[in-house]
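This report refers to the structure that appears directly beneath it.
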Amino acid sequence: MNCYIEIQSRKMLKPSAPTPDNLRRLKLSLFDQLDIGAYVPILFNYLPNSTSSYDDDKLQKSLSETLTKFYPFAGRFRKDIDPFSIDCNDEGIAYVRTKVNADDLAQYLRGQAHNDIESSLIDLLPVMDRLPSSPLFGVQVNVLNNGGVTIGIQILHMVSDAFTLVKFVNEWAHTTLTGAMPLDNPGFGQLPWLFPARALPFPLPDLNTTTKDVTRRFVFDALAIENLRKTIKDNDTMMKQPSRVVVVMSLIWKVFTHISSAKNNGNPRDTSLVFVANLRGKLSCIAPSLQHVVGNCVIPAIANKEGDEARREDDELNDFVKLVGNTIRDTCEAIGRAESVDDISSLAFNNHIKWVEKLLQGDEMDFYSCSSWCGFPWYEAGFGWGKPFWVSSVSFGHHGVSNLMDTKDGDGIQVTICLKENDMIEFERDTHILSSTSKLAFHSLG
Numbered sequence: 032m033n034c035y036i037e038i039q040s041r042k043m044l045k046p047s048a049p050t051p052d053n054l055r056r057l058k059l060s061l062f063d064q065l066d067i068g069a070y071v072p073i074l075f076n077y078l079p080n081s082t083s084s085y086d087d088d089k090l091q092k093s094l095s096e097t098l099t100k101f102y103p104f105a106g107r108f109r110k111d112i113d114p115f116s117i118d119c120n121d122e123g124i125a126y127v128r129t130k131v132n133a134d135d136l137a138q139y140l141r142g143q144a145h146n147d148i149e150s151s152l153i154d155l156l157p158v159m160d161r162l163p164s165s166p167l168f169g170v171q172v173n174v175l176n177n178g179g180v181t182i183g184i185q186i187l188h189m190v191s192d193a194f195t196l197v198k199f200v201n202e203w204a205h206t207t208l209t210g211a212m213p214l215d216n217p218g219f220g221q222l223p224w225l226f227p228a229r230a231l232p233f234p235l236p237d238l239n240t241t242t243k244d245v246t247r248r249f250v251f252d253a254l255a256i257e258n259l260r261k262t263i264k265d266n267d268t269m270m271k272q273p274s275r276v277v278v279v280m281s282l283i284w285k286v287f288t289h290i291s292s293a294k295n296n297g298n299p300r301d302t303s304l305v306f307v308a309n310l311r312g313k314l315s316c317i318a319p320s321l322q323h324v325v326g327n328c329v330i331p332a333i334a335n336k337e338g339d340e341a342r343r344e345d346d347e348l349n350d351f352v353k354l355v356g357n358t359i360r361d362t363c364e365a366i367g368r369a370e371s372v373d374d375i376s377s378l379a380f381n382n383h384i385k386w387v388e389k390l391l392q393g394d395e396m397d398f399y400s401c402s403s404w405c406g407f408p409w410y411e412a413g414f415g416w417g418k419p420f421w422v423s424s425v426s427f428g429h430h431g432v433s434n435l436m437d438t439k440d441g442d443g444i445q446v447t448i449c450l451k452e453n454d455m456i457e458f459e460r461d462t463h464i465l466s467s468t469s470k471l472a473f474h475s476l477g
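So in my numbering, spot 345 of the sequence shown is number 376, and the numbers just go up one at a time.
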């Protein structure tokens with residue numbers, strides 16, 4: 032069956048009420064400024080509901096109302112006027128409504144001529160251009176023949192981290208379901224006031240790639256994660272019971288490193304893994320109001336492993352878990368030692384410089400990035416036709432980048448990984464990956 036997507040409408044959706052004059056200019060925070068500036072994609076997939084069906088007018092109305100609280104999302108960057116701020120001018124977000132010629136999501140994915148799952152999922156997202164006048168946020172609502180709905184979202188990372196995005200989606204869903212918005216005020220101005228942007232001594236790296244990268248998805252269920260945990264030996268210098276995120280992240284990094292070593296005639300190379308630490312809840316002594324703040328409120332943390340370090344096959348995963356665990360511990364301790372917001376700014380700035388320096392080493396070492404969206408209430412976003420049956424990130428399209436999300440039951444972890452084509456072949460045949468993961472069963476979706 033030829034499963035295609037028909038665009039039925041496309042518009043700029045504006046907030047339901049104008050943004051007050053005193054909120055029209057939102058300064059960037061240092062954390063916003065240090066972000067890579069890419070759009071972050073995510074999909075929320077819903078089964079058909081016999082008692083409550085999709086209502087586009089209702090969905091648009093609640094989205095427009097929610098934008099009055101998240102007003103920067105409907106603004107624009109005006110870098111020619113002020114490179115360190117967002118013009119909250121209510122120009123609107125991209126809103127697209129489509130009809131998918133498929134009975135359900137599984138049939139749609141099977142019916143694509145290019146037979147590429149990731150490309151098929153990307154087609155469910157709004158197209159976002161990185162132009163000065165481009166929207167910062169986009170929504171595409173895809174309706175399947177059986178009444179199932181897939182909501183695709185893209186948001187510029189410079190205005191939102193995962194905490195902020197899931198808060199927005201759940202408030203939008205709550206407003207759709209109840210007709211009333213939550214009463215709390217997100218407060219976008221807190222982070223820029225405490226951590227203002229600053230002139231950088233270096234340009235941010237361009238992460239656009241022309242290499243042929245492929246994306247695959249893997250699922251670690253609870254049993255597989257527990258079995259991996261059992262292989263970790265206690266060590267006084269690291270956490271005795273590493274979290275499931277640390278275990279999975281460490282295994283992925285270990286396999287990446289093995290692949291690189293094999294390509295280098297068995298000689299290990301220096302390698303680093305960067306991830307982020309959420310500052311919320313960690314600054315109670317110097318900035319207690321940031322517990323639920325919106326915007327970007329994370330700093331990078333970098334785990335390093337030198338190529339000439341001795342490696343023993345029986346405890347190699349243990350080594351990587353130790354490195355990741357110690358990096359988390361050291362970063363949290365550095366945050367805890369901070370006596371002022373300036374100390375936090377310096378920590379974020381210095382860690383970012385280290386990240387850029389590693390990245391610019393290019394062929395001299397291996398650099399990987401992993402983001403964890405685990406622990407966030409993605410599956411709580413109920414718009415009136417039930418909770419999503421599957422929530423997923425979509426490929427960022429950069430080699431060595433991986434993303435972790437909870438499975439729906441909250442016990443397993445779904446991993447999205449992007450690698451060069453030949454490296455992905457080796458990743459998929461690694462014995463630890465074969466024994467610990469399953470491929471996502473797309474035939475069972477929807």
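All C-beta atoms, glycine included, are put in the ideal place defined by N, C-alpha and C.
Query, Result
"Could you say if the region 88-106 and the region 197-208 meet the contact criterion of at least three C-beta pairs nearer than 8 Å?", "yes"
"Going by DSSP in three states, residue 91 sits in which element: helix, strand or coil?", "helix"
"Between residue 277 and residue 356, which are expected to be in contact by the criterion C-beta below 8 Å, what is the C-beta distance as a whole number of angstroms?", "6 Å"
"Evaluate residue 353 with the Cβ neighbour count: other Cβ atoms within 10 Å of its Cβ, from every protein chain shown; 16 or more gives buried, anything less gives exposed.", "buried"
"Check this for me: beta carbons of residue 84 and residue 178, under 8 Å apart or not?", "yes"
"Please report the distance separating the alpha-carbon of residue 72 from that of residue 335.", "28 Å"
"Taking residue 125 as the reference, which of 160, 304, 152 and 139 has the closest Cα?", "160"
"Enumerate in chain order the residues of its own chain whose CB-to-CB distance from residue 263 is below 8 Å, with the five nearest sequence positions on each side excluded.", "273, 278, 348, 349 and 352"
"Got a sec? Which residues, its chain only, sit under 7 Å from residue 219 by beta carbon, not counting five neighbours each side?", "57, 103, 325 and 326"
"Would you check if the region 411-425 and the region 220-230 touch, i.e. whether three or more CB-CB distances between them fall below 8 Å?", "no"
"What does the Cβ neighbour count give for residue 363, buried or exposed, with the cut at 16 atoms within 10 Å?", "exposed"
"Tell whether a beta-carbon distance below 8 Å holds between residue 447 and residue 255.", "no"
"In whole angstroms, what separates the C-alpha of residue 68 from that of residue 189?", "6 Å"
"Give every residue of the same chain whose Cβ lies closer than 8 Å to the Cβ of residue 341, excluding the five residues on either side of it in the sequence, and list them in chain order.", "At residue 341 the pLDDT is 44, less than 50, meaning the model places this residue with poor confidence; the figure from the coordinates comes in the next sentence. Excluding positions up to five away in sequence, the list is empty."
"What residues in its chain sit with their C-beta under 8 Å from that of residue 365, if we drop five residues either side in the sequence?", "378"
"In this structure, does DSSP put residue 37 in helix, strand or coil?", "strand"
"Between residue 78 and the rest of its own chain, which residues show a CB-CB distance below 7 Å, the 5 nearest in sequence each way excluded?", "179, 417, 420 and 477"
"Check whether the Cβ atoms of residue 129 and residue 37 sit closer than 8 Å, and answer yes or no.", "yes"
"Going straight from the alpha carbon of residue 296 to that of residue 339, what length do you get?", "14 Å"
"Check whether the Cβ atoms of residue 131 and residue 171 lie closer than 8 Å to each other.", "no"
"Going by DSSP, what residue range makes up the alpha helix (DSSP H) through residue 421?", "No alpha helix (DSSP H) contains residue 421, which is instead part of the beta strand (DSSP E) from 421-424."
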